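In my numbering, the protein residues as written are 1 to 322.
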C-alpha cells in the first residue's frame, strides 16, 4: 500500500521467518542503539506469535516496522531516523489496525512513549492510568477510543488503484468522505446505483465537482452514468446532480431502474473499474469501500451494464434531455 503523501515507500504485512533480519535491524537501530534499550528486553520472545508490518523504500530498503500481539497490543513501532516525519509511522499503525479488524482481535491498546502521546491521540487513542517506566523510558498506556478518527486518517491516505483492502464505514460522515475521495481521484469513469440520489453522498460539492471535471475532460464519452430507483423525490427536491445533468447531458446521464429490478440492485459507486463503495442489502446502514480491488469493481461494473441496458428515462427526467 502506497501512502499518498509519499509514494516512495510501501507498507506490507511481513513474514517473521522471512523478514526477521530486516525487522530486527530496524529495531536494533532505533531501540537498542538510539534509545539504549537492553537487548534482553527488546527480544522478548513474542515476535513469532505477532503480526508484523514493514515499510520499504522504492528499492526495497527497510525503513520502519511495528507489530501486533494476539492480546491486541500494538508495539515495537520504529522508523529509521532519516525517514521520519514522512507519514510512515501513521501508515504502519493503520495497517496493523486493518489487520486487527480482519483477524477479529480484542480491543487495541499500546504503551506509548510520553513524547508520542499527541501522535496517537490524533489517531483516536486515549491515555489511561499514570505514566510508568519501561526500559528507562517514560510510557503511558493508551487504548483505541475513537475509531472514527482512525477511519478518517485511513481514508485520507488511500489512493485509487493503489490502496487495497476493504473498509466498513458506519457513520454517514465517513461514508460521505469516502464517496468524495473516490470521485475526486477518478480519471475515466464514475458509475452510480442509488435508490434516490442519496443527498449525503451525491448532492455534495466534492462529488459534484469531480463529476463536472470528468464531464468536461471526457465530454461525449459519457463518463458519468447514474441508475436510480426513485426519481420523484430528488426531482421535486431540486437535487444538484439532476441540475448538473441538465447542463452536461452529453457527459452525465441519469436513468431509472425498472421497478422489478430496483429492490435487488445494491447501491454502489464504481470509480475507474478499480475502486468501489458498496451498500449491501443485508447491511443497508453501512458502506464497504475499497480503493484497489479491480476484480470486485469489474464485477460490479458488469452488473451495472446489465441494469443500464434494461433501464430508461423517468418522465420527470426526460425533459432534461430534450
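Ideal Cβ placement from N, Cα and C applies to all residues, glycine included. Given the structure is predicted, the values throughout are model-derived calculations rather than measurements.
With distances taken between CB atoms, is the gap from residue 287 to residue 175 smaller than 8 angstroms?
-> If you check the CB distance, residue 287 and residue 175 come in under 8 angstroms.
Identify whether residue 288 lies in helix, strand or coil by the three-state DSSP scheme.
-> strand
Neighbourhood of residue 281 by C-beta, 6 angstroms cutoff - its chain only, sequence neighbours within 5 removed | Closer than 6 angstroms at the Cβ level, and outside the excluded window around residue 281, lie 266.
Mind pulling the alpha helix (DSSP H) runs of 4 or more residues that sit fully within the region 177 to 238?
-> 199 to 202, 205 to 217 and 232 to 237
8 angstroms Cβ cutoff met for residue 206 and residue 290 | no
Looking at the unbroken beta strand (DSSP E) that takes in residue 271, where does it start and where does it end?
-> 268 to 271
Span of the alpha helix (DSSP H), counted from its first residue to its last, around residue 278 | No alpha helix (DSSP H) holds residue 278; the beta strand (DSSP E) holding it covers 275 to 278.
Please report the residue range of the alpha helix (DSSP H) in which residue 304 lies.
-> 294 to 309
Compute the Euclidean distance between the alpha carbons of residue 187 and residue 41, then round it to the nearest angstrom.
-> 50 angstroms
By Cβ distance, which residues of its chain are closer than 6 angstroms to residue 200, with the 5 residues on each side in sequence left out?
-> 172 and 176
Can you name the residues that DSSP bridges to residue 127?
-> In DSSP, residue 127 forms a bridge with 142.
Could you round the C-beta distance between residue 257 and residue 228 to whole angstroms and report it? I think they count as a contact, below 8 angstroms.
-> With 8 angstroms as the limit, residue 257 and residue 228 qualify as a contact, their Cβ atoms being about 7 angstroms apart.
Since residue 347 contacts residue 202 with CB under 8 angstroms, what's their CB separation in whole angstroms?
-> Because the chain in this structure spans residues 1 to 322, residue 347 falls outside the shown range and cannot be described.
On the three-pair Cβ rule with 8 angstroms, is the region 64 to 76 touching the region 105 to 121?
-> Touching, yes.
Taking buried to mean at least 16 other C-beta atoms within 10 Å of its own C-beta, is residue 115 buried or exposed?
-> Classification for residue 115: exposed.
Counterpart residues of residue 52 in DSSP-defined beta bridges = 14 and 67
Give the DSSP bridge partners of residue 62, in chain order.
-> 56
Length-filtered (4 minimum) alpha helix (DSSP H) runs lying within the region 146 to 180 | 147 to 156
Keeping to the same chain, check which residues put their C-beta closer than 7 angstroms to that of residue 285; ignore five residues upstream and five downstream.
-> 170
Spatial neighbours of residue 99 within its chain, please: CB distance less than 7 angstroms, with the 5 preceding and 5 following residues excluded, ordered by chain position.
-> 13, 51 and 68
Collapsed DSSP secondary structure at residue 254 in the structure displayed = Residue 254 falls in the strand class under three-state DSSP.
What residues are listed by DSSP as bridge partners for residue 45?
-> DSSP lists no partner for residue 45.
Do you know offhand how far residue 231's Cα is from residue 196's?
-> 6 angstroms
Spell out the partners DSSP gives residue 74 in its beta bridges.
-> 68 and 110
Contact check, residue 88 vs residue 63 under 8 angstroms by CB: the rounded distance?
-> 6 angstroms
Check whether the Cβ atoms of residue 96 and residue 179 lie closer than 8 angstroms to each other.
-> no
Nearest neighbour of residue 134, chosen from 113, 190 and 127 [CA to CA] = 113
Provide the residue(s) that pair with residue 132 in DSSP beta bridges, ordered along the chain.
-> 139
Which one or two residues does DSSP pair with residue 9 in a beta bridge?
-> 57
Using a Cβ cut-off of 8 angstroms (strictly closer), state whether residue 58 contacts chain B.
-> Included in the structure is just one protein chain, with no chain B present.
Would DSSP call residue 281 helix, strand or coil?
-> coil
Alpha carbon to alpha carbon, what distance is there between residue 53 and residue 194?
-> Each residue's CA atom was taken as its position, placing residue 194 and residue 53 some 37 angstroms apart.
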